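Q: Quick note, the numbering used here runs 8 ahead of the 1-based positions in the first sequence.
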Amino acid sequence: MVKSDRPRFWLMKTEPEVFSFDDLMAAPGKTTCWEGVRNYQARNMMRDDFKTGDMVLVYHSNANPPGVAGIARVVREAYPDPAALDPKSEYFDEKSKAEGKSRWVMVDIQAVSPARQVVSLDLLRSTKGLEAMQVLKKGQRLSIQPVTASEWGIVCKLLDLTAPHAANAKC
DNA sequence: GCCAACGTTGGC
DNA sequence: GCCAACGTTGGC
Numbered sequence: 009m010v011k012s013d014r015p016r017f018w019l020m021k022t023e024p025e026v027f028s029f030d031d032l033m034a035a036p037g038k039t040t041c042w043e044g045v046r047n048y049q050a051r052n053m054m055r056d057d058f059k060t061g062d063m064v065l066v067y068h069s070n071a072n073p074p075g076v077a078g079i080a081r082v083v084r085e086a087y088p089d090p091a092a093l094d095p096k097s098e099y100f101d102e103k104s105k106a107e108g109k110s111r112w113v114m115v116d117i118q119a120v121s122p123a124r125q126v127v128s129l130d131l132l133r134s135t136k137g138l139e140a141m142q143v144l145k146k147g148q149r150l151s152i153q154p155v156t157a158s159e160w161g162i163v164c165k166l167l168d169l170t171a172p173h174a175a176n177a178k179c
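1. What residues in its chain sit with their C-beta under 6 Å from that of residue 179, if we drop five residues either side in the sequence?
2. If you drop the 5 nearest sequence neighbours on each side, which residues of the same chain put their C-beta closer than 8 Å to that of residue 134?
3. Near residue 83, what residues of its chain come up, given a Cβ to Cβ distance below 7 Å and the 5 sequence neighbours on each side ignored?
4. Output needed for residue 110: all residues of its chain with C-beta closer than 7 Å, excluding positions within five of it in sequence on either side, in chain order.
5. Under 8 Å Cβ to Cβ from residue 138, same chain only, skipping five residues before and after it: list those, please.
6. Identify whether residue 108 lies in helix, strand or coil by the three-state DSSP scheme.
7. Return the chain-ordered list of same chain residues with a C-beta closer than 8 Å to the C-beta of residue 62, the five sequence neighbours on each side being excluded.
8. Can you give me the C-alpha to C-alpha distance between residue 150 and residue 85, rounded to a whole angstrom?
9. Restricting to Cα atoms, I'd like to know which of 108, 44, 166 and 98 is closest to residue 130.
In structure tokens, the structure reads:
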């Protein structure tokens, strides 16, 4: 078995008004498909780098406060996002329709544990060791971002997970 | 609602 | 391939 250098930790943004971590907890099997990513860089990361078992920080953007609401794991690797072909979907994509197939992909993620309290952007910003996190950078709009193992460890402590047993292996 | 930052589009 | 115009993101 060759040791891989690929990131094993990710951050995924969602607007809680659209789909919150609570919604994920309430979903069947605490699992959902992560539809609607319409940015090539983000798509490529999901398509090429996301592996089953990778861990995810679920980040609430456009929220009060914005911050990490919980952790999840990747339970299904990239497959075509059918919403791109559905004219009634807000994620419909004219070009995919013209090509006859979705040019976008999604993965499935499953909730692992909510944060006891949302770890706000402010807190992330003021925590030593997280200075290089992409989400802290001004103008960083990517909805999918790699997270280093060290950052993951630090954020997990801040999250004070309510289901520590579930995260033991990775935290 | 403002607006800075960044991605995408399309004329050339 | 340049780059201006436009659209979107997302904190504030």
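Ideal Cβ placement from N, Cα and C applies to all residues, glycine included. Just so you know, these numbers come straight off a predicted model, no measurement behind them.
A: Reading off the structure:
1. As a first step, residue 179 is located in the first sequence; it is residue number 171 there, counting from the start. With a pLDDT of only 47 at residue 179, under the threshold of 50, the placement of this residue in the model should not be trusted; the figure read from the coordinates follows. These residues qualify, in order along the chain: 164.
2. Here residue 134 refers to the residue found at position 126 of the first sequence. Cβ within range, chain order: n/a, list empty.
3. As a first step, residue 83 must be located in the first sequence, where it is residue number 75. Only 39, 60, 116, 117 and 118 meet the Cβ criterion.
4. In the first sequence, counting from the first residue as 1, residue 110 sits at position 102. So the qualifying residues of the chain are 88, 89, 90, 92, 93 and 104.
5. For the purposes of this step, residue 138 is taken as the residue at position 130 of the first sequence. Closer than 8 Å at Cβ, skipping near neighbours: 132, 144, 159, 162 and 163.
6. Translated into positions along the first sequence, residue 108 becomes position 100. Correct three-state label for residue 108: coil.
7. The residue given as residue 62 occupies position 54 in the first sequence. Excluding residues within five positions, the ones whose Cβ falls inside 8 Å are 15, 16, 17, 18, 81 and 82.
8. Position 142 of the first sequence, counted from the first residue, corresponds to residue 150. Position 77 of the first sequence, counted from the first residue, corresponds to residue 85. Rounded to whole angstroms, residue 150 to residue 85 spans 19 Å at the Cα level.
9. Taking the first residue of the first sequence as 1, we reach residue 130 at position 122. When only C-alpha atoms are compared, the closest one is 166.
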